[in-house]
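Take the sequence shown: its position 377, counted from the start at 1, is 828 in my numbering, and no numbers get skipped.
Where is the CB? At the ideal position from N, CA and C, for every residue including glycine.
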Amino acid sequence: MQKSKVDVSMLVAFGGIRVGKEIRRAIATILVIYAEVKKTISSRSVSGPKRQAIFPCHSTKAPVADRRRSLFSSQLLSSTSSFILFPLSPPSAMFKLARTRPFTAALRAATEPSMRTRIAQQQRNLSIHEYLSANLLKSYGVGVPKGEVARSAEEAEAVAKSLGNDDMVIKAQVLAGGRGKGHFDNGLKGGVRVIYSPTEAKMFAGQMIGQKLITKQTGAAGRLCNSVYIVERKFARREFYLAVLMDRQTQSPVIVASSQGGMDIEAVAKENPEAIITTPIDIKVGVTDAIATKIATELGFSEQCVDEARQTIQNLYRAFMDTDATQIEINPLSETSDHQVLAMDAKLSFDDNAEFRQKEIFSWRDTTQEDADEVKAAEHGLNFIKLDGDIGCLVNGAGLAMATMDIIKLNGGSPANFLDVGGGATPAAIKTAFELITSDPKVSAIFVNIFGGIVRCDAIAQGLINVVHEMDLRTPIIARLQGTNMEQAHKSTNPASRSSQLRISRVLRKSPFSSARLSRWPARSTWVSNSLLVSKLRVDFSFVMSTVRLLHLSFLVKRVLRRN
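What follows is the structure, encoded as structure tokens:
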């Protein structure tokens, strides 16, 4: 056989891609390879003996030297990438794919962050109930309406009597926005109601406590209301918006304020951005009298209230810094008819990393307001967020997890979860991870993608084996183990190993994808391989690595999604 300039058996790699000059060079090299392969294939019939000549590793009848070279290339390059479970199609199919929509979409995703998969925001911060926020702000000298919390209808009646006011507001204590426009699962409309007597307080509390409040933020599942906050009703002369938060762009705290309080600040930013005042704060200097006075004046506080507004702004910043808060949002911050400055509603969030020195604040965490699976995952050191898809994901590293989910999404699939096992994954943690994934009845396959830097591949492999046996798992598992203790991991999953009674299909022996869709995969099966990359190129392979990595995963996911 006359050798061509580029003789390709397979191109496989996994990972992210780099943008800029390298990606342009990679694309150019891909096109060169494509032209050479197309020329080679068009001059031969890719069937029978000639197919074996082009793809020597596909047949045991190929010359021994050719098979050895292919396997040597495989072992050499598997140290760069060893994707478990995927045998490839001929190069013609691979390069045909390179010109199709999945590949171009994947490239767009790499260069356009807006294309990335949308997932629920990871819960890195503690949020506390409104009544706790009000009490905390009050301790820092911030004015708040008089009020108390009640956990039963009888308590609500007693609290209303103690306030000694005919005008009151009862608020369902649920960690979600849009309470006033929400509704309870028993039909009651509105999680924030104006009441005029202790009798009404008892009636509404009885209808709210123990029921789920459904808002735009909670979704159809809603959030359980365990208590209500009853406060005296104050009549606002003016309403403002004010928040203290951390800003990544300026790498400092920033005060965001608006004269249009009591409204959705995102809508204000979209429709009237000029109404929003943003003031970066030098963390070494803090909020001086001049800064606070300037903000209060620009917002539009009356002359009688400017000084009190200045003090309120400074006290809010002091609370923000002292408590390791990530956000203090007051909406509305009101100037009342009797010229008081009061925080009518407060939303506070705190950095989870500060738990060791904010023990009292973190003791206020209400786990009933959090997803039960996410709470369970956190107890085992796992980062878990439940989504609406049907492909379970178990990955180490948030970046790799996001990249994996992106490509699943780009190929028309839908991830069932975000799950980062971190660097301290143990067999017990892996079992917990699989329990979380398989608790979702929609999950039809599980994708395990591990790059062992800190985490040990053998621990992950042993966890996989234990999970399949102990849970009698029937869901197909796709796994990739690469990195620390990779060899031990491959040995433990070897078909000849007594410790592994799994049904294993190795690449270059039997293809689990070649003749059957995912829906036909046998239950209780795991496909493993430590030699997947078989390639002989006479070009600088480093140019194409980043692009081909994404191409391969796109191709893999497309095959997986054909199960339906």
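- In this structure, the straight-line span from the alpha carbon of V620 to that of G863 is close to 47 Å.
- Residue pairing by DSSP places I779 opposite V695 and L799 in a beta bridge.
- If you draw a straight line from the Cα of S800 to the Cα of S578, it comes to about 5 Å.
- Between T666 and K632, the beta carbon gap of about 7 Å places them in contact (Cβ cut-off 8 Å).
- Note on geometry: alpha-carbon atoms of R925 and I916 lie some 13 Å from one another.
- If you look at P731, you'll find it in the beta strand (DSSP E) that goes I727 to P731.
- Secondary structure of T787 (DSSP, three-state): strand.
- Secondary structure note for Y591: it is in no beta strand (DSSP E), with a DSSP letter that is neither H nor E.
- Excluding residues up to 5 positions away in sequence, Y591, G592 and V593 lie with their Cβ nearer than 7 Å to the Cβ of N766 in the same chain.
- Counted as a single uninterrupted DSSP element, the alpha helix (DSSP H) harbouring E759 occupies residues E754 to D773.
- Here K860 is buried. Its C-beta has 16 or more other C-beta atoms within 10 Å.
- The C-beta of T777 has 16 or more other C-beta atoms within 10 Å across all chains shown, which makes the residue buried.
- Shortest Cα-Cα distance from G628 to any of D617, L639, N616 and V643 involves V643.
- By the neighbour-count criterion, in which a residue is buried when 16 or more other Cβ atoms sit within 10 angstroms of its Cβ, H790 is exposed.
- DSSP places C676 in the coil class of the three-state scheme, outside both helix and strand.
- Partner residues in the beta bridge of S709, as assigned by DSSP, are Y692 and I727.
- The shortest C-alpha to C-alpha distance from N936 to any of S943, R907 and A912 is the one to R907.
- The beta carbons of T650 and E605 sit no closer together than 9 Å.
- In this structure, K612 is the residue among D822, K612, C756 and L838 with its C-alpha nearest to the C-alpha of A652.
- By the C-beta criterion, the region 833-847 is judged to be in contact with the region 889-897, since at least 3 inter-stretch pairs fall below 8 Å.
- Taking 8 Å as the upper bound for CB-CB distance, N677 and Q624 are in contact here, some 7 Å apart.
- In the pairwise beta carbon analysis, the region 712-726 is classified as touching the region 690-699: at least three pairs are separated by under 8 Å.
- Annotated three-state conformation of V738 is coil, per DSSP.
- In the three-state reduction of the DSSP assignment, E683 falls in the strand class.
- Sequence-distant partners of A940 (beyond 5 residues in either direction) whose C-beta falls short of 6 Å from its own C-beta, in its chain, are C908, D909, A912 and L932.
- By the criterion of a C-beta distance shorter than 6 Å, A805 is surrounded in its chain by D775, once the five residues flanking it on both sides are discounted.
- F835 has its alpha-carbon roughly 13 Å from the corresponding atom of D891.
- Scanning I779, I881 and E821 for the CA closest to the CA of E581 turns up I779.
- Among the bridge pairs identified by DSSP, C844 is matched with F898.
- DSSP places K882 outside any beta strand (DSSP E); the residue lies instead in the alpha helix (DSSP H), whose first and last residues are P878 to T889.
- Residue nearest to E938 within the set D923, G903 and P927 is G903 (criterion: CA-CA distance).
- Restricting attention to K942, T889, H920 and P878, the CA atom closest to the CA of G914 is found in P878.
- Annotation: the continuous alpha helix (DSSP H) that includes S613 extends over A604 to L614.
- Beta bridge pairing from DSSP links V600 with Y680.
- Here DSSP, grouped into helix, strand and coil, assigns R630 to coil.
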